[in-house]
Every structure is written in C-alpha cells, then in structure tokens.
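Trainee:
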Amino acid sequence: MNIEALLLLGTHCPHCASVLEALAELVKKGELSRLEVINLERAPDAAEVLGVRSVPWVRLGPFELAGLHTLEEYRSWIQRADSVEGMASYLAEQLEAGQVERILKLIQQDDHYLHAVFQLLADASVRINVKVGLGVILEDLAEKDQLRDWVKPLGELTRHDSASVRADACHYLGLSKSPEARDYLEPCLSDESEDVREIAQESLAELATREA
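Just add 891 to wherever you are in the sequence shown, counting from 1, and you've got the working numbering.
1) Is DSSP giving residue 910 helix, strand or coil here?
2) What are the complete beta strand (DSSP E) segments, minimum 3 residues, inside the stretch 939–1021?
3) Restricting to Cα atoms, I'd like to know which of 1072, 950, 1062 and 895 is closest to residue 923.
4) Residue 1095 and residue 1066: beta carbons closer than 8 Å?
5) Would you call the stretch 928–938 and the stretch 970–988 in contact, with 3 or more CB pairs under 8 Å?
6) How is residue 1033 classed by DSSP in three states: helix, strand or coil?
7) Consult DSSP for residue 1072 and reduce its assignment to one of helix, strand or coil.
8) On the DSSP bridge list, what partners appear for residue 896?
9) Between residue 902 and residue 994, what straight-line distance do the alpha-carbon atoms span, to the nearest angstrom?
10) Where does residue 1053 fall in DSSP's three states?
11) Assuming residue 1079 and residue 1073 make a contact with CB atoms under 8 Å, what is their CB distance in whole Å?
12) Return the chain-ordered list of same chain residues with a C-beta closer than 6 Å to the C-beta of residue 1032, the five sequence neighbours on each side being excluded.
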C-alpha cells in the first residue's frame, strides 16, 4: 500500500506543529510513502484550489481530515485507505457531521466513493444523519442522470433482509430513469412489507410517467 499525504498548515496555527510531527513520524516508519507540506501563509492559493478554510488540513490517501488528529488516528485511516470498508467508515463519519457538500465534491473527484455509498445504503443500522446524507448523494446522481449506472447494485438491495433497506432501494430505483429498474421493482409488489410494496408501486408509476 503506497499512501501519500498532503498537509496544509499555517505559521501561527497552534495545532499544526503536532500534526506535522505525527505525519513525519509515519513517513519515517514507512507507513506513509511521501509527505508534501504547504504553508498557506506563503502559498495562499492552495487553500482556494482545495477548498480549505482552516488548518491543519490533511489529505491522507483518499481521505480529507480537518483539524487536530493524533498519530494513532492518522495510522488508523492509513490502514483503511485502500478498502471500500474504510471509505464507507469515512463517509459515515463525514455525513454524521453534516459534511454532505464535502462528500459530493469528493465523489466528483473519485467515483470509487460510490461503492462505499452503496455499502452504507445496505446497512440498516446507520444513523439518521448518515441516511439523510445518502439520500442527498443519490438524488444528486439522479439529477445528473448518473443513477441509471447503479441500477444493478440498487436492484440487489431489493432482496436485502431489512425491509427498510428494500424500501430505500425501491425509492431510488424509481429515480433512476432506467427501464431496467422495472425488473427489480415488479417482484417487490408482492414483498411481505407493506411499505416496500407501496414504494415499489410508486416507483413503477414514476418510471411510467418518465417514459410517457
């Protein structure tokens, strides 16, 4: 695993020195392959390019981490940087904190995050803030006509053990604008859950309206 880090700091930042020390230690031990450091007081344009509003700010592999974190926290993210599970954990943490816009931006930069989105969608135990954030992400994909590319993973969720997950999958299939969604929605009309049946019917009607 070849993980690089970028640190944005400021000369008068009270926490930046400890973050720099922690990341330098990870480079020294070979857990990070490379560390780039930018002092925003000398190169302020970097903050605008990256959308950074405060320091310390670290990009660690695919993750963006703002504020003070310990060496062990950085190490934990490094260990998860190369897995869908790690991305899902990061997304859940960010969505729980209400950072939906940040996640939308990351998805535009790296669509591998979408695999993590569907992993979280399959988790019936996610907190309400996370669930709401997932809804915003999927509706954004629908508006951009990109949700149709994810009909198959949504369709697989219509067979999930959790009725709430099946219901959500049916709802988003209705937003996909894809005729292929019908193949997954029609069996849900006989689902044991009334909510799933109703949402499947509504989604089929939505697809029919779009096709008319």
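Glycine is no exception: its CB is placed at the ideal position from the N, C-alpha and C atoms.
Because the structure is a prediction, the values reported are computed rather than measured.
Mentor: To lay it out plainly:
1) helix
2) 948–951 and 954–957
3) 895
4) For residue 1095 and residue 1066, no; Cβs fall outside 8 Å.
5) Per the Cβ contact rule, the stretch 928–938 is not in contact with the stretch 970–988 (fewer than 3 Cβ pairs under 8 Å).
6) helix
7) helix
8) 926 and 951
9) 28 Å
10) coil
11) Beta-carbon to beta-carbon, residue 1079 and residue 1073 are separated by about 11 Å, too far to satisfy the 8 Å threshold.
12) 1038
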